[in-house]
Amino acid sequence: MNIVQSDGSVLAVQFTDVLHSPSMFVSLISHSKLRAKGLYFHGKHQALLRETGDSEIAFCPEIDGVSNFLEADESTDAARKLAFAATYASSSFALPKRNVTLHDTYGHASVEGL
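Numbering (our numbering), first residue to last: 12 to 125.
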């Protein structure tokens, strides 16, 4: 699955040794299994992190009282998912500022390139 990180990038991850319940509205992931794989959920930062170096694996905003992975196919889809989370998240969060120009955001040529 492709999941959104708080900087808007998309990371491909694969979960193994999981249980699936088709009748449930959401998928559940065992915190103890994540810990066994060297990962942990940080509630204040609403993120799934690696124990080594605390690098972010996924941004997990709380929506309707449940922390969620945001799935996206590409960065434009990730932006839509982050906007949705900003609108409907149970608590406020601040996304990190990116050093990106409007030209980069919309895929326009740089001034130097013109």
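Backbone N, C-alpha and C fix where the C-beta goes; we use that ideal spot for every residue, glycine too.
Sheet register partners of residue i (DSSP bridge)
i, result
"Val15", "Val21"
"Ala69", "Leu59"
C-beta atoms of residue i and residue j nearer than 8 Å
i, j, result
"Leu22", "Ile68", "yes"
"Ala86", "Ser20", "The question names Ala, but residue 86 in the sequence shown is Ser. The answer is yes: Cβ separation under 8 Å."
"Gln57", "Pro72", "yes"
"Arg101", "Gly76", "The sequence given here places Ser at residue 101; Arg does not occur at that position. It is a contact, given that the beta carbons lie within the stated cut-off."
Residue i to residue j span [Cα, whole Å]
i, j, result
"Tyr99", "Leu50", "26 Å"
"Ala97", "Thr27", "30 Å"
"Lys92", "Lys44", "26 Å"
"Glu62", "Gln25", "18 Å"
"Leu131", "His53", "Here the chain covers residues 12 to 125 and nothing more, so residue 131 does not appear."
"Ala83", "Phe95", "12 Å"
"Arg46", "Ala89", "26 Å"
"Val130", "His42", "One cannot answer for residue 130 here, as it falls past the ends of the chain, which runs 12 to 125."
"Ser66", "Lys55", "15 Å"
Beta-carbon separation (whole angstroms), residue i vs residue j, contact threshold 8 Å
i, j, result
"Leu81", "Ile14", "6 Å"
Three-way DSSP call (helix, strand, coil) for residue i in this model
i, result
"Ala100", "strand"
"Ser78", "strand"
"Phe95", "helix"
"Leu50", "strand"
"Asp88", "helix"
"Ser43", "helix"
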